[in-house]
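Since the structure comes first, as structure tokens, the remarks are kept for the end.
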Amino acid sequence: MAQPILEVSGLGKRFGGFVALEGIDIAVETGERLGLIGPNGSGKSTLVNCLCGALHHDSGSILFDGRRIDGLPAYQRTRLGLARSFQLPKPFRSLSLLDNLRIPLLYTVNARHGARLSSAAIGERCQALLADVGLAEKAQRLPRDLTQVEMRKLELARAVASAPRLLFADETMAGLSPSEIEEILAVLFRLNEAGITIVLIEHIMRAVMSFSTRLVVLVAGQKIADGAPQEAIRNPEVERAYLGE
Amino acid sequence: MFSLDLAINAVVAGLLLGGFYAAVTIGVTISFGMLDIVNIAHPAFIMLGSFVAYVINSNFGVDPILIGVVMAPAFFLLGMAVYQIYYYAFEQRGEESIQGLAFFFGLLFVGEVALILVFGVDYRFVDAPYIGPSLHFGFVDLPLRMLIPCLVSLLMLVVLDVFLGRTFIGRAILAVSQDRLALQLMAANPSRVKRIAFGISIATASVAGALLIIIQPVEPSIGRDYIGRIFAICVLGGMTSFPGMLAGAMLIGIVESITATFYGPSWAPAVAFGFLLLTLAVRPAGILGR
Amino acid sequence: MGAAKFWVVSFIVAVAFLVLTRWLFTNEYFFFAGYVVLQYIVLATAWNILGGYTGYTNFGVGAFFAVGAYSSVVLHKLTSVPVPVMILVGGIMSGILGFGMGYLTLRLKGVFFAIATLAFAIVAQTFIVNWDFVGGSRGIYVIRPQQSPLYGSYIQYLYSLMLALTWVSVAIARTIERSTLGLGFNAIRDDEQAAEAGGVPTLRLKLISTTLSGALMGMSGAPLPYYVTYLDPTSAFNLSYAVNSVAMPMIGGMTSWVGPIIGAVLLGTIQQLATVTISSALNLLIVGVLLILFVVIAPNGIVGLVQSRRRARLR
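This is the structure:
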């Protein structure tokens, strides 16, 4: 079997006395669509932050493509191919949408081995990325001129701009209308078809169930289920976590 | 030359000084620790308090501490006015900290220069019966001009602690400091509560300023030495905790006092700032944590 | 206009300015005042690289400026070096200081960073005050050479040097502004975490920013001992340098290389006039009040006002 693109073993993280994550073991297969769910406060965001380098984990190891990335700062993990979008969109507010995408292209794609893109090529790619998420007309505008769903799309586009192999989509659909959710899902499906492994962290069950090939459930910092979506949901512990005793 | 007498007196003086430093810092604990408003101009308000005490004391002979307390409501109103400007300029627009910082930096500077223009650069002092005499316990000296401000400062701390914990407004302030959204859901207007809190923080400067001019003669540029001290103590104390702040204040007071006694007063300003740098580098959450 | 072209064009402008002013003004006072205004352009531009471009507010300007000045004092006492060399050395020393400060404060954000820079300045001042070799708190006298190595008076020589330094710093600022590095700085300013996630090596860029900013500030302070002939810590570390370095870019506009120049020329000229006509304390008051007014009313400075008026007209 091919090596998992991401292997998390025994990951733990505490904040003072509070245990946010404990003994997390997850293997993400290349090309799959993994759904990560759990009630509020279960540690999903903490997990993403630890994996992407925004937080230092206290115990356990993280292997990306078979290589330990434990001590690496976030920007190096991005350069290796691990990207994320933020739960609350964090655009570069004083930069145009084009420039927002230029950053990952200049600092990630061009920082990797191999041919460097010329500034003309970068400009073209930025336009293409914006067109992919339907933001081509607003290319020169500032993020404050965007609607909620457009901000989410920009957020995704920026993560994709770094040409990742694995993308963490962190609650991209929170607060969106059903048709907007469909739009985002369509983008994610397309990205996956293009070869990007996607980990979808979401609360919206319908979206997660229709998107994921596998489901991981986190409750109170621990993984309590890991498997095919339909089975994972029927796990009695998962029911208890969501519906209460 | 190390002598136990000297060392113990230095520590005692440091404790008294630390008690006073708490009065100086409490305002920033409220404005910065609780409200997230970077009022680095707080020393300017303290200097204003000192000079107000000086003017009234030298013209009418009123006790400086009394002046500080009586003038506190005026400072409270001043604080509310300053907050109002800050709110319209920054919080409403959501402009980021750099402009807010510059605003208060400008205030700090304008405050100092305005005082220089009015009072000149001479040292000013007040007259009070307890400036001069000391209590003696064996070889330990307790100068009244340091003891009384320390006690008043502690009293002010207790009063504020009770106020924040027991009164409705006080608890609203605590709520704002912890969760702005929750407060809005409770239908209390956060900016109104913040305005009152900021007013209180400036009111403490009135008292702190009066205490300062009792402890030592003042001139307008002294405020600058206090920026580092205030934020050092605030950070050391963990930003929001009163006991933490008091502990931090005492610590800085003692270290400064010992440095001044054994290494000379010209090194003392570096102490608080050095402490601050160290704390920020090693443990940004303070000694007692946040 | 490409980067290289800007360097050339601005060089020509600078030379033209030099020739013009030397020809027009015979009163030495112009060159005394001009030196100060040019010095402020450098300080404001330098500050803006870290403040406006990268988003980190430095209140410890005095430390970098004074280190530049005092390194010249040390050189002057130890040996005899031409002033341009002193400028370079001052830049190196302040650059190292900037690197050190950046490294120590690497985890601090917002106001903590600003306070730390202030702390840095006080600590630096305390060291100089206790260093007798450079005069300690009593200060030191530096004798201005009789002969100017170039032409005209010695003050005109210093003025020309400062003009050259102005040219260099403005060209550097503009080059950065339009470059990948500048975009990276802006990303850090707008959202450091997102920048890091986007592949920007934020620590490295911040260190570049603090080092470069510090170095330029040090260079602007290096000729000071010969300008004032008496240097003491109180004046070298004067908070007015910090206030001016903050006020000038804020009033002029922090997003472009033009802003610091506008702010420095405006404020610098006002201050020079006020010092002569009113009092020097009052002119500091003016700076402070203007800073507050602009920050409240026009947070993007004069450049910002022009830009928004232009945008409004386009709609």
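Protein chains in written order, with my numbering: chain Z, 3 to 247; chain E, 1486 to 1775; chain P, 2 to 316.
Ideal Cβ positions, reconstructed from N, Cα and C, are used throughout, including at glycine.
Quick caveat, the model's predicted, so the values are computed rather than measured.
- DSSP places Thr-167/P within a helical segment (H, G or I) once states are collapsed to three.
- DSSP assignment within the stretch 1499-1582 of chain E yields the following whole alpha helix (DSSP H) runs of 4 residues or more, N-terminal first: 1527-1545 and 1549-1571.
- Gln-224/Z is bridged by DSSP to Val-221/Z.
- For Gly-63/P and Asn-239/P, the gap between their C-alpha atoms comes out near 6 Å.
- Among the bridge pairs identified by DSSP, His-1621/E is matched with Asp-1626/E.
- Thr-278/P: member of the alpha helix (DSSP H) spanning 259-278, first to last residue.
- For Leu-8/Z, the enclosing beta strand (DSSP E) covers residues 8-17.
- For the 9 Å CB-CB criterion, Ser-87/Z and Arg-143/Z do not form a contact.
- The beta carbons of Phe-1727/E and Leu-1761/E sit no closer together than 9 Å.
- It is roughly 16 Å from the alpha-carbon of Gly-1723/E to the alpha-carbon of Tyr-1506/E.
- DSSP assignment within the stretch 148-212 of chain Z yields the following whole beta strand (DSSP E) runs of 3 residues or more, N-terminal first: 168-172 and 199-203.
- His-115/Z is classed as exposed because its beta carbon has fewer than 16 other beta carbons within 10 Å across all chains shown.
- Contact between Leu-148/Z and Leu-158/Z is absent: CB atoms are separated by about 13 Å, not below the 8 Å threshold.
- In the three-state DSSP reduction, Gly-219/P falls in the helix class (H, G or I).
- Check the Cα spacing between Lys-110/P and each of Val-169/P, Gly-69/P, Gln-194/P and Arg-145/P: the tightest is with Gln-194/P.
- Distances from the alpha-carbon of Leu-204/P to those of Phe-186/P, Met-218/P and Gly-215/P put Phe-186/P closest.
- With a cutoff of 9 Å on beta-carbon distance, Val-210/Z and Leu-202/Z are scored as near each other.
- Taking C-beta atoms under 8 Å as the contact rule, Pro-250/P and Asn-49/P qualify, at a distance of about 4 Å.
- A distance of 9 Å or more separates the beta carbons of Leu-51/P and Met-163/P.
- In the displayed model, Val-1720/E falls within a helix according to three-state DSSP.
- For Tyr-109/Z, the chain P residues whose C-beta falls within less than 9 Å of its own C-beta are Thr-181, Leu-184, Gly-185, Ala-188, Ala-196, Gly-199, Gly-200, Val-201 and Pro-202, listed in chain order.
- Counting the other CB atoms within 10 Å of its CB gives Glu-185/Z a total of 16 or more, which places it among the buried residues.
- Judged by DSSP secondary structure, Gly-289/P falls within the alpha helix (DSSP H) whose first and last residues are 281-298.
- By the beta-carbon neighbour count (other beta carbons within 10 angstroms, threshold 16), His-1621/E is exposed.
- The criterion of a C-beta distance shorter than 9 Å is satisfied by Ser-164/Z and Ala-85/Z.
- With a cutoff of 9 Å on beta-carbon distance, Ala-1755/E and Ile-1737/E are scored as not near each other.
- Within chain E, no residue has its CB atom less than 8 Å from the CB of Gly-260/P, the nearest being about 13 Å off.
- Boundaries for Phe-26/P: no beta strand (DSSP E) harbours it, and the DSSP string shows neither H nor E there.
- Here the C-alpha atom of Tyr-41/P lies approximately 11 Å from the C-alpha atom of Ser-241/P.
- Nearest C-alpha to Ile-1583/E among Tyr-57/P, Lys-78/P and Leu-98/P: Tyr-57/P.
- Only residues of its own chain outside the window of five on either side were considered, and among them Leu-1520, Tyr-1568 and Val-1661 have a CB closer than 7 Å to the CB of Lys-1679/E, listed in chain order.
- Looking at the backbone, the Cα of Ala-1657/E and that of Leu-1563/E are separated by about 21 Å.
- Contact residues of the stretch 1511-1526 of chain E toward chain P are Phe-1517, Val-1523 and Ile-1525 (C-beta to C-beta distance below 9 Å).
- If the five residues before and after Leu-306/P are omitted, its C-beta is found closer than 6 Å to the C-beta atoms of Ala-299, all from its own chain and listed in chain order.
- Under the DSSP assignment, Arg-312/P falls in the alpha helix (DSSP H) whose first and last residues are 302-315.
- Taking each of Asn-1494/E, Pro-1528/E, Ile-1493/E and Val-1625/E in turn and checking the Cα distance to Ala-1508/E, the smallest one comes out for Pro-1528/E.
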